[in-house]
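Participant:
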Amino acid sequence: MTTTGDTQPSPAVDGPPGTGSAVRPGKERPPGESGWIALLFLFPAVVWLAVIVVYPLGYSLVRSLFSDPTLGGSTSFTGLSNYGQIFAASDSFEAFKNNVIWVVVVPALVTIVGLIFAVLTERVRWASAFKIVVFTPMAISFLAAGITWSLIYVDQPSEGLGNAVLTGIHDTFTSGTSYPNLQASAQARTMTGSKTSGFTSTAGYTAGHPAMLAVTGLDLTHPPAGAKPAAKTGSGSGVTGVVWNDFKLGGGGTTGKVDPGEYGVPGLTVEAVSSGKVVATTTTAADGSFDFSGLGSGSYQVRLPSSDFSAAYAGISWLGPNLITPAIIIAYLWIYAGFAMVLLSAGMAALPRETMEAARIDGATEWQVFRRVTVPLLAPVLLVVFVTMVINVLKIFDIVFVLQQPAGGDGRYANVLAVQLFDLYGTGHYGAASAVGILLVILVIPAMIFQIRNFRKEQR
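Here's what the structure looks like:
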């Protein structure tokens with residue numbers, strides 16, 4: 260029989276922190292369980308965070324509610340007028356519109372391209388080498404990447420790789436020669452007209468009376484490939500003639516006549532005109548001669564159409580008003596496709612292979628396996644990549660700023676909010692710049708909260 264006096268106190272048992280378990284008498288609490296010590300170590304980081312984040316953010320918020328001081332004046336409270344100017348001013352609204360384009364297009368594009376590359380790396384022989392090549396642009400600074408792409412986007416084919424490739428393809432599949440600097444000789448007066456309407460002979464010609472059409476402006480230091488000295492007269496049974504450059508290096512000779520050393524103009528389109536209608540077309544030979552065989556008897560005027568004087572195809576204006584934003588997006592895609600590929604490749608490596616094999620055994624095609632098995636299982640990683648890209652493109656600055664420089668005045672068509680903030684601050688519009696900065700923070704916060712919640716959900 261036990262009594263109350265015989266009862267011994269049970270020793271306290273250690274338990275995990277937060278469970279309410281007592282600590283053994285005489286045993287000190289581990290330092291990590293002390294809130295004050297934790298705060299002591301966190302204090303320097305909290306102070307530094309307040310200095311570089313909280314204070315500038317708070318100051319910008321307050322500053323965005325005030326106007327900019329006039330010369331010799333002071334600021335005044337304007338409320339939300341600076342925010343209204345973002346949508347009222349054309350340049351700020353252009354920046355906001357471009358940011359919307361970036362958010363709508365780029366994250367999805369980067370995620371899709373990264374997924375394609377991730378799938379391909381599982382099927383190519385040199386997967387590691389492929390990943391290194393695709394991921395390498397991530398190791399390059401945005402400044403260097405912007406300069407590289409600006410050299411690609413230069414308009415002149417002799418300088419820009421993009422237009423050099425386009426020009427080569429165009430010239431391969433398109434025949435025809437144009438001379439933009441060529442024009443009818445004003446002294447010879449054998450033709451009238453202009454480059455835009457074409458040059459037409461002042462006289463009519465019949466068989467046996469060649470048309471001698473004098474032009475000037477041929478590059479004599481670098482004459483056309485295959486060009487020969489001009490023929491003295493046209494050869495053939497029909498209406499014939501010669502188109503030649505009525506000038507030679509060193510000068511001399513008689514105006515309106517073919518002199519030794521003067522070149523014929525090859526590859527020109529020549530039209531025979533009767534009663535204002537084109538009845539025949541031919542092309543000049545290497546010596547500039549041409550022949551309209553098969554024409555009926557009669558008098559015909561000879562015309563050099565405007566296509567002979569149009570500028571040669573020089574590609575497209577990559578950094579022009581219509582293409583500058585898509586061109587910059589291509590450069591951004593080149594940089595970040597490797598980032599998306601690496602994350603998605605890691606996600607695919609963790610997928611259960613037996614599930615895919617079971618789908619194949621059940622008769623699913625590779626496309627069905629990809630669409631109904633791989634993509635659903637990879638959805639969390641796809642979401643992480645997508646949201647990360649949303650945050651990145653909302654505050655995109657450097658690649659846009661660098662590629663705006665070679666675009667000159669057209670660079671404004673690629674403006675984004677971060678670049679607009681930089682421009683406003685540089686011109687002393689501190690209130691408007693602060694408003695743009697706060698707007699960027701407001702736009703980024705929802706994506707950051709979503710990302711943080713997603714990470715916490717995955718850790719549970």
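Our numbering puts the first residue of the sequence shown at 260, with every later residue one more than the last. All C-beta atoms, glycine included, are put in the ideal place defined by N, C-alpha and C.
1. Mark Phe549 as exposed unless 16 or more other C-beta atoms lie within 10 angstroms of its C-beta, in which case mark it buried.
2. Which ranges would you report for the alpha helix (DSSP H) in the segment 420-472 if only whole runs of at least 4 residues count?
3. Can you tell me whether Asp505 is buried or exposed, with buried defined as 16 or more other CB within 10 angstroms of its CB?
4. Decide if the segment 579-598 is in contact with the segment 355-369; the criterion is three or more beta carbon pairs, one per stretch, under 8 angstroms apart.
5. Which one or two residues does DSSP pair with Asp550 in a beta bridge?
6. In angstroms with no decimal places, state the Cα-to-Cα distance between Gly696 and Ile311.
7. How many Å lie between Phe382 and Ile708 at the Cα?
8. Which residues mark the beginning and the end of the alpha helix (DSSP H) in which Thr370 is found?
9. Taking C-alpha atoms, which residue in Gly511, Ser558, Val634 and Pro488 lies nearest to Val501?
10. Do Asp518 and Ile512 count as a contact pair if the criterion is CB distance below 7 angstroms?
11. Could you have a look at Val282 and say whether DSSP puts it in helix, strand or coil?
12. For Val413, which of helix, strand or coil comes out of DSSP?
13. Can the beta-carbon of Ala354 be found less than 7 angstroms from the beta-carbon of Leu676?
14. Who are the Cβ neighbours of Pro665 in its own chain at under 8 angstroms, not counting the five residues just before and after it?
15. What is the DSSP secondary structure of Ala539, reduced to helix, strand or coil?
16. With DSSP collapsed to three states, give me the class of Tyr572.
17. Taking the Cβ atom as the reference point for each residue, do Ala386 and Thr395 lie within a distance shorter than 7 angstroms?
18. Closest to Gly485 by CA distance: which of Tyr438, Ala544 and Met471 is it?
19. Bridge partners of Gln560, per DSSP?
20. Compare the C-alpha of Val601 against each of Gln344, Asn440 and Ala377 and name the closest.
21. Does Thr395 come out as helix, strand or coil in the three-state DSSP assignment?
22. Cβ of Val537 within 7 angstroms of Cβ of Gln560?
23. Residues bridged to Phe598 by DSSP?
24. Please classify Glu530 as buried or exposed, where buried requires at least 16 neighbouring CB atoms within 10 angstroms.
25. Sorted by chain position, which residues of the same chain lie with C-beta nearer than 8 angstroms to Gly526's C-beta, five sequence neighbours on each side aside?
26. Can you tell me the Cα-Cα spacing of Asp669 and Gly687, whole angstroms?
27. Applying the criterion that 16 or more other CB atoms from any shown protein chain within 10 Å of the CB defines a buried residue, is Trp361 buried or exposed?
Facilitator: Put simply:
1. Reading the sequence shown from its first residue, position 290 is the one you call residue 549. Counting Cβ neighbours within 10 Å, Phe549 comes out buried, since at least 16 surround it.
2. The qualifying runs are 420-432.
3. Along the sequence shown, read from residue 1 onward, the residue named residue 505 stands at position 246. Buried, since its Cβ has 16 or more Cβ neighbours within 10 Å.
4. Flag = yes, the segment 579-598 and the segment 355-369 touch.
5. Here residue 550 refers to the residue found at position 291 when the sequence shown is read from its first residue. Paired residues: Thr499.
6. As a first step, residue 696 is located in the sequence shown; it is residue number 437 there, counting from the start. As a first step, residue 311 is located in the sequence shown; it is residue number 52 there, counting from the start. Rounded to the nearest angstrom, the two C-alpha atoms are 15 angstroms apart.
7. The count along the sequence shown starts at 1 and reaches residue 382 at position 123. The count along the sequence shown starts at 1 and reaches residue 708 at position 449. Contrary to the premise, residue 382 reads as Arg rather than Phe in this sequence. Rounded to whole angstroms, Arg382 to Ile708 spans 36 angstroms at the Cα level.
8. As a first step, residue 370 must be located in the sequence shown, where it is residue number 111. Unbroken alpha helix (DSSP H) run through Thr370: Ser349 to Thr380.
9. The count along the sequence shown starts at 1 and reaches residue 501 at position 242. Cα-wise, what sits closest to Val501 is Pro488.
10. Counted from its first residue, the sequence shown places residue 512 at position 253. Counted from its first residue, the sequence shown places residue 518 at position 259. Reading the sequence as shown, one finds Gly at residue 512 and not Ile. Their beta carbons are under 7 angstroms apart, which means Gly512 touches Asp518 by this criterion.
11. To locate residue 282, count along the sequence shown from 1; it is residue 23. Only weak support is given to the placement of Val282: the predicted model assigns it a pLDDT of 47, under 50, and the value that follows is read from those uncertain coordinates. The answer is coil: DSSP assigns Val282 none of H, G, I, E or B.
12. Position 154 of the sequence shown, counting from 1, holds the residue named residue 413. The three-state secondary structure of Val413, taken from DSSP, is coil.
13. As a working mapping, residue 354 is identified with position 95 in the sequence shown. As a working mapping, residue 676 is identified with position 417 in the sequence shown. Leu676 is positioned such that its CB atom lies closer than 7 angstroms to that of Ala354.
14. By 1-based counting over the sequence shown, the position of residue 665 is 406. Cβ neighbours of Pro665 beyond the five flanking positions: Ser409, Tyr412, Val413 and Leu578.
15. Working through the sequence shown from its first residue, we reach residue 539 at position 280. DSSP, reduced to helix, strand and coil, places Ala539 within a strand of the structure shown.
16. Here the question's residue 572 lines up with position 313 in the sequence shown. Coil.
17. Taking the first residue of the sequence shown as 1, we reach residue 386 at position 127. Taking the first residue of the sequence shown as 1, we reach residue 395 at position 136. The answer is no: Cβ separation not under 7 angstroms.
18. Residue mapping note: residue 485 aligns to position 226 of the sequence shown, counting from 1. Per the Cα distances, Ala544.
19. For the purposes of this step, residue 560 is taken as residue 301 along the sequence shown, with counting starting at 1. Paired residue(s): Val532.
20. Locating residue 601 in the sequence shown gives position 342, counting from the first residue. Proximity to Val601 across Gln344, Asn440 and Ala377 peaks at Ala377, based on C-alpha coordinates.
21. Counting from one through the sequence shown, the residue named residue 395 turns up at place 136. Reduced to three states, the DSSP call for Thr395 is helix.
22. On the sequence shown, position 278 is the one that residue 537 refers to. On the sequence shown, position 301 is the one that residue 560 refers to. The answer is no: Cβ separation not under 7 angstroms.
23. Within the sequence shown, numbered from 1, the residue matching residue 598 stands at position 339. Beta-bridge pairing links Phe598 to no other residue.
24. One-based indexing of the sequence shown puts residue 530 at position 271. Around the Cβ of Glu530, a 10 Å sphere holds 16 or more other Cβ atoms; the residue is buried.
25. Working through the sequence shown from its first residue, we reach residue 526 at position 267. The beta carbon of Gly526 sits closer than 8 angstroms to those of Gly435, Thr436, Pro483, Thr542 and Thr543, all from its chain and outside the five residues before and after it, given in chain order.
26. Taking the sequence shown and counting its residues from 1, the one referred to as residue 669 is at position 410. Taking the sequence shown and counting its residues from 1, the one referred to as residue 687 is at position 428. Roughly 23 angstroms separates the two Cα atoms.
27. Residue numbering aside, residue 361 sits at position 102 when the sequence shown is read from its first letter. Buried, since its Cβ has 16 or more Cβ neighbours within 10 Å.
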